[in-house]
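Scroll down for the structure; my scribbles are underneath it.
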Amino acid sequence: MKERYEFHVDSLRYLDEQGYALGDLPEVAEDTDRLLSAYANMVLARTFDTKVIALQRTGQCGTYPSVLGHEVIGTAIGQSMAKDDVLVPYYRDQAAQILRGVTLTELLLYWGGDERGSAWAHCPQDLPIAVPIATQCCHAVGVGTAFRIRGEHRAVVCCLGDGATSKGDFLESVNLAGAWHLPVVFVVNNNQWAISTPRSLQSACETIAQKAISGGLPGHVVDGNDYFAVTEALETALDRARHGKGATVIEAVTYRLGDHTTADDATRYRSAEELKHAWERDGVKRMQNYLHREGFWDAEREQALQADCKGLVETAVKAYLATQPEPPTAIIDYLFETLPAALQAQRDRLVAGAGGEQ
Amino acid sequence: MKERYEFHVDSLRYLDEQGYALGDLPEVAEDTDRLLSAYANMVLARTFDTKVIALQRTGQCGTYPSVLGHEVIGTAIGQSMAKDDVLVPYYRDQAAQILRGVTLTELLLYWGGDERGSAWAHCPQDLPIAVPIATQCCHAVGVGTAFRIRGEHRAVVCCLGDGATSKGDFLESVNLAGAWHLPVVFVVNNNQWAISTPRSLQSACETIAQKAISGGLPGHVVDGNDYFAVTEALETALDRARHGKGATVIEAVTYRLGDHTTADDATRYRSAEELKHAWERDGVKRMQNYLHREGFWDAEREQALQADCKGLVETAVKAYLATQPEPPTAIIDYLFETLPAALQAQRDRLVAGAGGEQ
Amino acid sequence: MTDVTLIEAVNMALAWEMAHDETVVVLGEDVATNGGVFRATVGLRERFGYKRVMDTPLAENLIAGTAVGMAAQGLKPVAEFQFMGFIYAGMDQMICHAARMRNRTRGRLHCPAVFRAPFGGGIHAPEHHSESTEALFAHIPGLRVVIPSSPQRAYGLLLAAIRNPDPVVFLEPKRIYRAVTQAVEDNGEALPLDTCFTLREGEDVTLISWGASLVETLAAADQLAVQGVSAEVIDVATISPLDRETLLCSVAKTGRAVIVHEACRNGGVGAEIAASLAEGAFLDLQAPVVRVTGYDTVMPYYRNEQVYLPQVADVVQAVEQVIAL
Amino acid sequence: MTDVTLIEAVNMALAWEMAHDETVVVLGEDVATNGGVFRATVGLRERFGYKRVMDTPLAENLIAGTAVGMAAQGLKPVAEFQFMGFIYAGMDQMICHAARMRNRTRGRLHCPAVFRAPFGGGIHAPEHHSESTEALFAHIPGLRVVIPSSPQRAYGLLLAAIRNPDPVVFLEPKRIYRAVTQAVEDNGEALPLDTCFTLREGEDVTLISWGASLVETLAAADQLAVQGVSAEVIDVATISPLDRETLLCSVAKTGRAVIVHEACRNGGVGAEIAASLAEGAFLDLQAPVVRVTGYDTVMPYYRNEQVYLPQVADVVQAVEQVIAL
Ligand SMILES: Cc1ncc(C[n+]2csc(CCOP(=O)(O)OP(=O)(O)O)c2C)c(N)n1
Ligand SMILES: Cc1ncc(C[n+]2csc(CCOP(=O)(O)OP(=O)(O)O)c2C)c(N)n1
Ligand SMILES: [Mg+2]
Ligand SMILES: [Mg+2]
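Respectively, the protein sequence lines represent chains C, E, W and D.
For the first sequence, counting from 1, position 32 maps to 32 in the UniProt record's numbering; every step adds exactly one.
For the second sequence, counting from 1, position 196 maps to 196 in the UniProt record's numbering; every step adds exactly one.
For the third sequence, counting from 1, position 203 maps to 203 in the UniProt record's numbering; every step adds exactly one.
For the fourth sequence, counting from 1, position 164 maps to 164 in the UniProt record's numbering; every step adds exactly one.
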């Protein structure tokens with residue numbers, strides 16, 4: 001027994017709110033292509049977002065959670081991960097998923113109420129979006145365990161929100177990741193709100209990153225609107241993970257600029273002022289400012305990018321709207337690898353076109 | 001965002017392994033009566049324990065978890081709590097429960113497979129023993145919330161094992177206790193084992209107390225075989241709780257000197273050496289040594305106490321063995337306040353003496 | 001007397017009981033400031049204060065367990081789960097503690113908690129928001145499971161649920177949260193939890209259902225009436241403990257029964273009812289008891305949810321089938 | 001060919017499959033060093049190493065969820081829950097993820113996990129160690145629920161469960177873990193998961209049961225034989241998806257059925273079977289299908305557990321009753 005045990009959480013920031021460097025930037029700053037494609041992805045995600053919300057408002061898509069304010073985090077995740085790493089996303093990871101290879105049409109199908117929206121062709125090992133909050137954390141440690149068992153140098157990135165960190169699933173998983181020294185990076189998208197519940201009511205902890213301490217893991221706080229900070233923290237954590245040095249918790253601090261979902265009305269519970277203030281820290285604009293100032297960007301390029309993104313989104317929307325629903329039998333055909341005899345009669349009814357079972 | 005966030009866990013020890021004071025003792029050391037009744041309770045709990053195990057071995061009691069090695073913690077809890085505080089025990093809190101007013105006969109009934117063993121007459125608000133690990137933590141914060149709502153200056157003591165700290169229930173409750181500033185003291189009985197799972201496999205955290213940090217609570221490590229340390233930590237935490245200053249996590253470090261339960265054989269998974277070493281730190285003996293040395297105790301008193309305890313246990317065992325099982329209808333009569341019509345036919349069958357429902 | 005929707009009736013009942021019994025408290029995710037994602041608790045926080053209307057951190061197991069602890073202290077917590085799809089983490093506490101507290105302590109402590117959750121499909125919700133797993137709760141001894149199917153019954157049954165000294169799982173069919181309005185007198189009068197409600201009398205067949213499926217069931221009864229078939233329609237309402245008496249009496253009269261529910265067929269509450277009728281009304285039954293239910297599959301995403309949900313035509317067809325025998 | 005107990009057969013099946021398929025891994029509380037509190041996994045860790053036999057921290061939700069994650073990576077995890085009374089925290093993961101992974105991803109990922117748990121009463125265990133809630137799992141589409149009732153079936157069914165590409169809840173009746181020994185050939189031969197097993201042929205009545213209750217059911221059949229009643233005895237074994245065919249065929253022959261299970265009656269698996277028979281064999285049945293079950297109450301502590309458990313005499317009496325009709 002020591003007299004005193006000490007713990008800490010450190011934090012990372014490279015850019016100020018206007019996109020000025022606060023000091024030396026990390027290595028990634030040298031990679032202009034990467035920076036440019038990062039920015040392009042942020043804009044694509046945002047363009048997509050606006051469109052889906054419009055589709056929802058006109059009855060062409062279901063309830064949808066906006067990515068607004070989370071583009072930087074997702075983009076940094078998507079870029080930092082290796083192809084054979086595994087992403088364990090939650091429902092606000094559109095920006096990461098696009099980079100993983102999930103198509104915009106697949107995302108639309110998913111939120112449009114079609115299971116084929118999770119049959120991702122390009123990142124077949126990534127876990128599907130987890131709707132029950134925090135449950136995916138357990139999957140992430142399971143995937144990490146599989147890597148450990150097979151001696152593979154792969155990492156898992158597990159995403160969740162600030163609200164999710166109150167749920168046992170996260171804390172149990174953090175503990176296992178520590179105990180079993182698993183190659184997992186937990187990225188907490190701390191956007192200050194869980195629907196209407198503010199961060200302050202969610203927990204009395206000063207930082208969310210400090211929850212890592214409960215499992216003996218390192219925890220870091222980063223500015224989630226600072227591309228360099230998120231990227232640097234991720235690269236370090238992923239490197240640790242892939243080299244058998246264990247798991248990390250990264251708290252990426254940002255703000256949910258939109259409603260919780262299209263079914264929500266955030267004006268009921270938060271002030272316009274707070275929102276306005278948050279917009280001033282917007283990471284996409286900040287990235288643009290940085291690129292501008294460094295001479296990598298200008299109005300013309302911006303216009304071209306916006307047009308490109310609109311085009312990509314339009315194409316995806318068209319494909320989505322043109323997709324016929326699955327046949328009725330699909331509701332039963334994917335339940336088991338082979339249809340049990342007990343379900344044959346029900347399937348016959350579906351073929352015959354009846355609704356409900358009888 | 002600060003540059004660095006710092007946290008700590010402090011620790012408390014007053015006695016060395018032989019029961020010599022390491023420095024100034026806390027106030028409670030002046031209260032000789034309290035010290036003597038503490039020691040008496042430890043011996044009573046241990047005497048009871050030996051007897052129940054003997055009963056189990058001869059088929060007169062069911063599976064039973066030994067209190068051996070946990071007498072100091074339980075005794076300090078029982079003494080520090082006010083009558084109108086609420087104890088939320090787990091299954092290894094016999095020493096605390098005796099002081100709360102649970103009779104030895106009730107304890108025997110409980111482990112002897114009779115529900116009346118939880119119908120405690122003398123501490124009617126204490127929660128029953130929780131068998132599903134860690135689930136009681138949620139009850140503790142619920143009780144604490146009731147106190148807060150009603151503005152009562154009462155505290156809750158919630159007990160659990162080291163294994164239990166891996167379970168979401170504990171961590172979720174710690175978080176709520178922090179967020180809602182609840183009058184709860186979590187006492188983790190860290191006896192190094194969860195059945196066959198050693199503390200080292202349970203978590204990579206250096207201390208269990210640091211799990212408090214995840215909920216923004218203070219955490220303390222105390223030597224669980226040091227009556228003064230446990231008492232002092234508890235008194236402080238209870239005082240905080242009762243004065244609206246919030247919750248605390250206390251990790252009391254001890255060792256499970258017996259098998260996990262009478263159904264377990266610990267020689268399968270731990271060494272005789274480790275056990276021998278643990279016996280050297282036994283808190284009951286340590287307390288005796290201290291009292292001896294201070295002149296409050298001698299062989300004669302020890303003999304008298306042992307005889308007293310045996311007598312109390314014998315009386316309780318007699319009462320237990322003489323207790324007839326409840327009538328068959330009891331299995332159904334306490335399910336609801338009033339028997340629903342749907343169960344009347346089943347009750348009639350029970351009255352008629354049939355087994356099973358038909 | 002105001003015309004209200006089912007969800008407004010839920011709100012009215014909560015408000016009435018909180019005003020008349022200060023031990024009633026409400027907790028859950030987003031129930032306070034936001035008034036609940038479905039607005040069931042809107043206005044309560046303003047009226048009864050933050051101490052009695054509590055936004056919890058995001059943890060269903062904690063919500064259920066905290067309610068158990070509060071209840072042990074004599075409070076009457078009404079805990080909201082945002083959707084039935086998220087209630088499973090809370091089941092451990094409901095099964096192991098809420099349902100057992102009275103029995104375990106031989107009456108020393110008990111658990112007068114209500115666990116509310118919206119359930120069922122048909123509103124184009126994302127996955128996990130549309131299931132109907134009431135059977136899981138109905139099988140747990142010590143729990144009452146109550147499902148209203150109209151504003152009036154939502155009001156009266158919720159009052160009864162809160163007043164009941166034992167735990168009640170109160171499942172709200174969200175498809176009909178706002179489907180109709182009905183005059184509900186805000187007079188604090190509870191309805192009984194130990195009886196089915198006969199919504200329509202008939203001679204030829206007994207249609208048994210609960211929750212949102214009563215919409216299709218009643219529509220089928222209308223259609224059958226046109227065809228000259230007189231259907232009795234029973235809203236089971238409290239699916240556990242089950243009022244078998246009313247069901248058996250009806251079947252003794254009609255000789256035929258069709259059960260309609262949205263949940264999966266295999267092991268649904270319909271199975272218990274069918275088994276009870278087949279056993280208890282063996283000599284009365286002129287045809288097998290038929291179940292019209294959801295399929296034995298995961299509730300499909302919303303594009304195909306109508307494929308899954310029992311339709312009016314399915315009910316009519318089932319009745320035609322049993323009548324033909 | 002060795003004579004082994006049911007629990008030894010479980011161990012044999014695990015060892016066989018781990019030896020022949022390196023993707024099979026075992027995890028749970030105390031399964032490695034200690035070999036499991038019932039010794040189901042004894043020796044596995046020594047033989048297959050700590051990477052494939054994992055002692056987990058104490059968290060059932062985590063155990064279930066970790067298994068889902070491993071399974072998504074192509075492993076075949078066999079997760080142990082120490083007692084069924086502690087499985088509830090794991091149900092969220094089983095219901096929301098294990099059962100849905102294949103359907104949700106349209107076959108992209110799946111969940112070839114086995115969730116093992118000992119269940120049932122009769123061994124004088126403390127509270128929470130004696131329940132039978134198999135019906136909760138049987139109602140979940142996407143899960144197979146399998147219950148062996150002899151060493152041979154434990155061996156063959158567990159092999160089948162592990163090899164099955166979809167999640168299986170494998171419930172072991174601990175009352176008969178060591179009740180009998182039986183010759184089991186350790187040849188890696190699995191038994192089918194889609195069929196009931198007819199343990200005894202008969203003409204007058206079909207007795208349907210599973211797990212430990214088959215002890216009383218078979219004893220009742222013996223006793224009935226002496227009385228001149230010929231009972232067919234069927235071990236359902238896979239309670240979901242249910243092999244209704246075998247049951248209906250038997251009842252077509254005997255015209256009478258009695259279902260015996262230890263679980264509570266209300267909403268137990270017996271309800272689904274009774275409902276299916278009453279519907280599918282309506283014209284064959286000469287008497288109502290009767291259920292002999294546990295009471296609708298919390299499993300009593302052990303002093304009164306025999307009061308709760310169905311006895312041989314109860315089964316005999318039920319048969320006499322249906323035969324009399
Ligand atoms: C287990 C569970 N409970 C409740 C919900 C309903 N719900 C959906 S999102 C949400 C808030 C999540 O907040 P946070 O984790 O901070 O993520 P964010 O939406 O802010 O990105 C809730 C309560 C759910 N999906 N799952
Ligand atoms: C939820 C749950 N899982 C498993 C068990 C079986 N079990 C009983 S005691 C125990 C170990 C508990 O260890 P710990 O929390 O350290 O307490 P200790 O027994 O060492 O005092 C386990 C796994 C249980 N009772 N509840
Ligand atoms: Mg959030
Ligand atoms: Mg321990």
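For each residue, glycine too, the CB sits at the ideal point set by N, CA and C.
Do residue i and residue j have their C-beta atoms within less than 8 Å of each other?
i                      : j                      : result
residue 106 of chain C : residue 188 of chain C : no
residue 330 of chain C : residue 108 of chain C : no
residue 315 of chain D : residue 254 of chain D : no
residue 35 of chain E  : residue 201 of chain E : no
residue 162 of chain D : residue 114 of chain D : yes
residue 297 of chain W : residue 332 of chain C : yes
residue 281 of chain D : residue 259 of chain D : no
residue 211 of chain W : residue 173 of chain W : yes
residue 169 of chain W : residue 208 of chain W : no
residue 231 of chain W : residue 200 of chain W : yes
residue 74 of chain W  : residue 93 of chain W  : no
residue 25 of chain D  : residue 1 of chain D   : no
residue 197 of chain W : residue 153 of chain W : yes
residue 215 of chain E : residue 175 of chain E : yes
Once the 5 residues before and after residue i are set aside, which same chain residues still bring their CB inside 6 Å of it?
i                      : result
residue 65 of chain E  : 91, 92, 261
residue 196 of chain E : 269
Is there a Cβ from chain E that is less than 8 Å from the Cβ of residue i?
i                      : result
residue 166 of chain C : yes
residue 201 of chain C : yes
residue 288 of chain W : no
Any Cβ of chain C within less than 8 Å of the Cβ of residue i?
i                      : result
residue 321 of chain E : no
Counting only the same chain and skipping the five closest in sequence on each side, list residues whose C-beta sits under 8 Å from that of residue i.
i                      : result
residue 160 of chain C : 90, 133, 134, 136, 137, 170, 186, 187, 188, 189
residue 308 of chain D : 121, 294, 295, 297, 299, 300
residue 68 of chain D  : 93, 97, 98, 101, 111, 113
Tell me, please, whether the CB atom of residue i is closer than 8 Å to any CB atom in chain D?
i                      : result
residue 55 of chain W  : no
residue 282 of chain W : yes
Quick one: which chain D residues come within Cβ less than 7 Å of residue i?
i                      : result
residue 236 of chain C : Those within 7 Å of residue 236 of chain C in chain D number zero; the least Cβ separation is about 24 Å.
Taking CB distances under 8 Å as the criterion, tell me whether residue i reaches chain W.
i                      : result
residue 336 of chain E : yes
residue 330 of chain C : yes
residue 408 of chain D : The question about residue 408 of chain D has no answer, for chain D in this structure spans 1 to 325.
residue 197 of chain C : yes
So residue i contacts chain W; which residues on that side make the cut at Cβ distance below 7 Å?
i                      : result
residue 194 of chain C : 58
residue 169 of chain E : 61, 65
residue 95 of chain D  : 88
residue 132 of chain C : 85, 86, 128
Closer than 9 Å by beta-carbon distance: list the chain D residues that pair up with residue i, in chain order.
i                      : result
residue 365 of chain C : Within the shown structure, residues of chain C are numbered from 1 to 358, placing residue 365 of chain C beyond reach of any answer.
Strictly below 9 Å CB to CB, what residues from chain W border residue i?
i                      : result
residue 176 of chain E : 56, 57, 59, 62, 66
If you measure from the CB of residue i, is any heavy atom of ligand 6 nearer than 7 Å?
i                     : result
residue 30 of chain D : Absent from the structure shown: ligand 6. Ligands present: ligand 1, ligand 2, ligand 3 and ligand 4.
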